[in-house]
Structures are given as structure tokens and as C-alpha cells.
Amino acid sequence: PPGGHVDRDLPEPNATTPNAATPNPASRAPVTPIPAAPSFAELSERAHALPTRTKQVRELTSSIDQAARLAAG
Numbered sequence: 052p053p054g055g056h057v058d059r060d061l062p063e064p065n066a067t068t069p070n071a072a073t074p075n076p077a078s079r080a081p082v083t084p085i086p087a088a089p090s091f092a093e094l095s096e097r098a099h100a101l102p103t104r105t106k107q108v109r110e111l112t113s114s115i116d117q118a119a120r121l122a123a124g
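Just so you know, we're using my numbering here: the sequence shown kicks off at 52 and counts up by one.
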């Protein structure tokens with residue numbers, strides 16, 4: 052290099068630094084499966100179990116009950 056100065060603290064290019072464009076597949080976190088969505092019946096049970104019964108909760112509960120009846124056929 053010009054002046055004969057070499058910084059020994061810097062790693063060699065691409066010697067120890069992995070290329071950011073190609074991530075190591077072994078370093079990826081394992082994929083966790085998405086849990087199944089609760090059924091309408093389960094949602095209805097949860098809605099009916101809520102301690103607070105505001106107007107919005109009552110409307111939501113009736114909507115869930117209606118959807119549960121439709122889903123059940």
C-alpha cells in the first residue's frame with residue numbers, strides 16, 4: 052500500500068465476513084408452524100365468557116354465534 056502502512060486490525064476482504072447477499076441457510080431460525088385458527092364455536096365460548104358485556108361485545112358475540120350456526124350448517 053502507499054506509504055507502506057497496513058492496518059492489521061482489518062480482516063481480509065471476504066475472508067471472515069460472509070457476503071450479506073447470500074445468507075447462511077444454517078443460521079436461519081426454524082420455521083414455527085402457525086397454530087390453527089379457533090373454530091367459531093370456540094370463539095363463541097370465549098365471547099360468552101368475557102366478564103365485560105358492553106354493547107360492542109354483545110354485538111360481536113351475536114355475530115360470532117350467527118357465524119357459528121352458519122359454519123355448523
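Here a beta-carbon is modelled for each residue, glycine too, at the ideal position from N, C-alpha and C.
According to DSSP, is residue i part of a helix, a strand, or is it coil?
i	result
residue 104	coil
residue 114	helix
residue 90	coil
residue 80	coil
Taking 8 Å as the threshold (C-beta atoms), are residue j and residue i in contact?
i	j	result
residue 98	residue 111	yes
residue 95	residue 116	yes
Near residue i, which residues of its chain fall below 8 Å by C-beta distance, leaving aside the five closest residues on each side in sequence?
i	result
residue 108	98, 101
Starting from the C-beta of residue i, find all residues in its chain whose C-beta is less than 7 Å away, skip the five residues before and the five after it, and write them out in chain order.
i	result
residue 122	91
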